[in-house]
Amino acid sequence: NSFYAPILVFVHTRFDHFKICIESLLKCSEAKYSHLFISSDFQRNDDEKVDVDLIRNYVKTIKGFKSVTPIFFNKNVGIQYASKFSTNKIFENYDQIIMLEDDIEVSPFFLNYINQGLDFYKSDKKVLTISGFSQLENLNEVYFSNAFNAWGFGTWKDKFKSFLNYRGSD
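Mapping of the sequence shown onto my numbering: residues 728 to 897, in sequence order.
Dropping the structure here:
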């Protein structure tokens, strides 16, 4: 796969989780070819300021990806707005994306698996996302599910926007 989907990580105040997430992504050999975007909402109150500042200072030190682009909000907008804004920002320049929450620790094979899946299922209209998470234990195969999970997935711009339009309709 000659194209690597950009990675978008959502973070708010959980520094320790976020750092583990980034360190696990860096163990993927594809990290050095991947653009990393960090969506960081502003603090809701003064108690969260220390955590948000700690995360934002850490983001400025992250190395090992093709690039690191912060998406920092200057006021608290909430996860719904932050995720929509950040995703749309990336979709301005890319046709696919990998999304993670800050508490996801991935396998060293995660980026390879998701990128290959995005390439392989790109034209399959029945596939909305590619995920490495399974609720089934000891399953070592690819399977299809009607369930959606947000625990680290890859998707395509056209399919994801179509899904959001459908979800927001009557």
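Note that beta-carbon positions come from the ideal geometry of N, C-alpha and C, so glycine has one too. Note that the coordinates shown come from a computational prediction; the quantities given were computed from them, not determined experimentally.
**OP:** Look at the alpha carbon of V854 and the alpha carbon of D773, and state the distance between them as a whole number of angstroms.
**Re:** 43 Å
Subject >> Straight-line Cα distance separating E828 from Q807 >> reply: 13 Å
**OP:** Just the C-alpha distance for H744 and W883, rounded to the nearest angstrom, thanks.
**Re:** 26 Å
Original post:
Taking three-plus beta-carbon pairs below 8 Å as touching, is the segment 737-756 in contact with the segment 826-842?
Top reply: yes
Original post:
Residues in its own chain within less than 7 Å of I707 by CB, not counting five upstream and five downstream?
Top reply: Summary: the structure shown does not reach residue 707, with the chain confined to residues 728 through 897, and so no result is reported for it.
Original post:
Is it true that the CB of D768 sits closer than 8 Å to the CB of N803?
Top reply: yes
Subject >> For Q807, the first and last residue of its enclosing alpha helix (DSSP H) >> reply: 805-818
Subject >> Identity of the residue in V777, Q823, V779 nearest S761 by Cα >> reply: Q823
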